[in-house]
Amino acid sequence: MNITIDKMYCKGCEICVNACPKGVFAISQERNRYGTFFPWVMEKEKCMVCQLCEIMCPDGCINVEMEA
Amino acid sequence: MLKQKVIEIHGEKVIQGNEACSEAAIHVGCKFFAGYPITPSTEIIEYMSESLYKNEGMFIQMEDEISAMCAILGARWGGKKSMTATSGPGFTLMQEALGYGIVTETPTVVVNVQRGGPATGQPTFSSQQDVYQAKYGSHGDYEIICITPSSVQEMFDFTIKAFNLSEKYRTPVILLTDEIIGHMRERIIIPDCIEIEEKEYVKRCEEPFGRDDQHIPHAGNFFEGRNILVEGQLHDEKGRRIGHIAQKSGEFIRALTGKIRDNHKDLTDITYKYLEDADIAIIAFGSVVRSAERTVKMAREYGIKAGLIKVNIIWPFPEDEIYRLAGHIKTVIVPEMNMGKYCLEIERCLKKSKVISVPKLGGNIHKPMELFEIIKKEKNLQ
Amino acid sequence: MNTLVEKYIKKESLPYIFCPGCGNGIVLNATIHAIEALGIKEDTACVSGIGCSSWIPPYLNMDVMHTIHGRAIAFAEGLKLSQPKKNIIVFTGDGDCLAIGGNHLLHAAKRNINITVIMVNNYIYGMTGGQKSPTTPIDARTKTSPYGAMDEPIDGCGVAISAGATFCSRWTVGHPNQLKKAIREGITHNGFSFIEVLSPCPVQAGKSIFKERDSWKIIQRIKENAVVTSKWEGGDKEGKMTIGNFKKELKRKEYTEKIQNLKDEIIYKSNGR
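Residue numbers (our numbering), protein chains in the order written: chain A, 1 to 68; chain B, 1001 to 1382; chain C, 2001 to 2273.
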């Protein structure tokens, strides 16, 4: 399984951090081009691939891929 | 490119102006009509409601004129030739959507059967008061094509012309007629063959709003797999907004007005009579032409060298052609059924001539004798 | 970038003009999921009016009309009548649909024409800078109601149902899967579908209505203030906003079908003579 966050288009609204039922995401200390802090995948192993973050990200930045 | 279409039931007929307009629309391939009943244009919506279903078309009576105008623009992007018909107050309501049609370069036809205004005004009387509204009614810089028929035969012919020009230049075209022509019954000849503009998609314009050398785009229709974005903001060739970029916006407006201004020669339609030796001329459009023509004949019988200029496409203003025809004529009379609007354009154009505006208000048309008296006065004849 | 979103979006137009945390992006995601599940990308066109919510479809790599304020439903009706077999989705907002375009909503619902209207309700005029909208709660202080909003808010679903919409549902962006399903059902439903989405506007509504700038907290507040019902029983229940799939009526005939039947009848009659 692979979770990617598109730093180019993330606006740092933090919805994904709160929406994830397992607390996979955390806010990083890096800023993106908007000047906001974007999330990073903190606890990847907790992810159960509900893909809620994918649909809840208003900018379509999160991609959760199952490994074949 | 013009293509021929044969009309099976052709020949002579006595019909009303509004009916002639509707019948021409059916022949030219109008497949969608949305409207809202308003005097004196109701015969058009009535005719269309009956005949469109029989001719593989769609008819809908909308909740107001605003939505009627919106619906015909929507239908045109669905690939169906569309039109609406209205009068004074309804035409005012349509202006915003008309502006949308211009900026998105949607071909469609709007028939305005003029009545007296302002507001509710004179619902059952004729006027030519919407001459400027037709050109300047919507906000912003744009150019429009506006055609004025002066007989029932022309109502038929010019409706076909309006559809063809709208397809050719990809812009809404206004058929500006009035209550007199709309409600008049006359003998017309329905031709056995008409010409229909069928614009073919030019391959070198890859993008939907990419322009050819005449500034005209070839957008195509929805559901053809082209993923068209129809945008009401100023947009680039892909339909993406450029309203926030000053230079590109300016270029867009230049191209949008340029496609009509640069083609003004093709869009000039003037007929004239007795102009060869004329030293006094009447310039008229719409129903007033009928009085003007009679006046000119009377004057000729009287020995006055009078001429007639009949403007068929009033917007874009045929400046060059009017100057060519009437630049040397000393006195020009402009009768209009309004306070004197079109005469201002003619004054601007014919600076050397004496331009006399003859306004007529209240809903009656000029009587030939009235105009003749003015000619006599100008000639110092009593 | 999400692979599914990437498939449907014009990437060169990104980023979206929406503010961080805006609910419009979630509505867009839900719609993309619904269209993908039905596999109708080629046979669907989107129409929108003016306002924040009307900026949802212009990013889609589909046939899209971004029209004038309030008239999206009127344009959609014209498009639907000219192409009766295609799916038309209208994106509109609370001001667009219930204030300036209220009349068109009533008449489209009355006709039961097969278009899907997705009304994104953020309780405020966001694009113009936070003025009172028809759904702004009473007493809310906005830019144009500095002493508190005086008039009662309109319930969009109530209006649509009473006008005769045959499919009606309301969800919040905090219910993305239910929303996805509702949009899917709305598109497949043969008749006028009205789907209201309660959405956060962390910038404008956050300032004047929710007193909260965090989008997630506003979503939670909207969710807490909503109660799920399966049948339409009025706009609110025990002081809470009702949400859910309210109505699905299959008895009433669809408008374009009626016209087609009429046309067939006319042609049959004229041939019989």
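Glycine included, every Cβ here is placed at the ideal spot set by N, Cα and C.
- Under the Cβ distance rule, residue 54 (chain A) counts among the residues neighbouring chain C, one pair being separated by less than 9 Å.
- When the Cα atoms are used, residue 2148 (chain C) and residue 2132 (chain C) turn out to be separated by approximately 10 Å.
- Around the beta-carbon of residue 1247 (chain B), fewer than 16 other beta-carbon atoms lie within 10 Å, marking it exposed.
- By the neighbour-count definition (other C-beta atoms within 10 Å, threshold 16), residue 49 (chain A) is an exposed residue.
- Straight across, the Cα-Cα distance linking residue 1087 (chain B) with residue 1290 (chain B) is about 22 Å.
- Using beta-carbon distances, residue 1230 (chain B) counts as an interface residue toward chain C, with a partner under 9 Å.
- For residue 1368 (chain B), the enclosing alpha helix (DSSP H) starts and ends at 1368–1378.
- Within the same chain, 1069, 1070 come within 6 Å of residue 1097 (chain B) by CB-CB distance, once the 5 residues on both sides are set aside.
- Listed along chain C are 2020, 2021, 2215, each with a C-beta nearer than 7 Å to that of residue 13 (chain A).
- About 17 Å separates the beta carbons of residue 1171 (chain B) and residue 1196 (chain B), which is beyond the 8 Å limit, so they are not a contact pair.
- For residue 2241 (chain C), the enclosing beta strand (DSSP E) begins and ends at 2240–2248.
- In this structure, residue 1173 (chain B) keeps its C-beta atom at 9 Å or more from the C-beta atom of residue 1217 (chain B).
- For chain B, none of the residues of the region 2160–2179 of chain C brings a beta carbon within less than 8 Å of one of its beta carbons.
- If you check the CB distance, residue 1321 (chain B) and residue 1308 (chain B) do not come in under 9 Å.
- In this structure, DSSP gives residue 2133 (chain C) a state outside helix and strand, which the three-state scheme calls coil.
- Proximity of chain B to residue 2063 (chain C) at the Cβ level (cut-off 7 Å) is accounted for by 1222, 1223, 1227, 1228, in chain order.
- For residue 1163 (chain B), no pairing in a beta bridge is given by DSSP.
- Interface flag for residue 2093 (chain C) against chain A is unset, since no Cβ pair is found closer than 9 Å.
- Residue 1190 (chain B) and residue 2165 (chain C) have their alpha carbons spaced roughly 45 Å apart.
- Per DSSP, residue 1084 (chain B) is one residue of the beta strand (DSSP E) stretching across 1081–1086.
- DSSP places residue 1335 (chain B) inside the beta strand (DSSP E), whose first and last residues are 1331–1336.
- In the assembly as shown, residue 21 (chain A) is an exposed residue. Its beta-carbon has fewer than 16 other beta-carbons within 10 Å.
- In terms of beta-carbon proximity, residue 1242 (chain B) stays away from the interface with chain C, with every pair separated by 9 Å or more.
- For residue 1058 (chain B), DSSP records a beta bridge to B:1032.
- Secondary structure in the region 1108–1170 of chain B: the alpha helix (DSSP H) runs of 4 residues or longer, each lying completely within the stretch, are 1131–1136, 1152–1169 in chain order.
- If only uninterrupted alpha helix (DSSP H) runs of at least 4 residues are considered, those enclosed by the region 2189–2229 of chain C are 2215–2224.
- At a cut-off of 9 Å between beta carbons, residue 2126 (chain C) makes no contact with chain B.
- In the three-state scheme derived from DSSP, where H, G and I count as helix and E and B as strand, residue 2104 (chain C) is classed as helix.
- Residues of chain C with a Cβ closer than 9 Å to the Cβ of residue 61 (chain A) are, in chain order, 2001, 2002, 2005.
- Going by beta carbons, residue 1113 (chain B) and residue 1049 (chain B) fall outside the 9 Å limit.
- From the beta-carbon of residue 2043 (chain C), the residues of chain B found nearer than 9 Å are 1223.
- Taken through DSSP and simplified to helix, strand or coil, residue 2232 (chain C) comes out as coil.
- For residue 1178 (chain B), the uninterrupted beta strand (DSSP E) segment begins and ends at 1172–1178.
- The beta-carbon separation of residue 1100 (chain B) and residue 1232 (chain B), rounded to 5 Å, stays under the 8 Å limit for a contact.
- Among the residues facing chain C, residue 47 (chain A) is not included, as its CB has no counterpart in that chain under 9 Å away.
- Spatial neighbours of residue 1274 (chain B) in its own chain (CB-CB distance under 7 Å, excluding positions within 5 residues in sequence) are listed in chain order as 1296, 1300, 1306, 1307, 1308.
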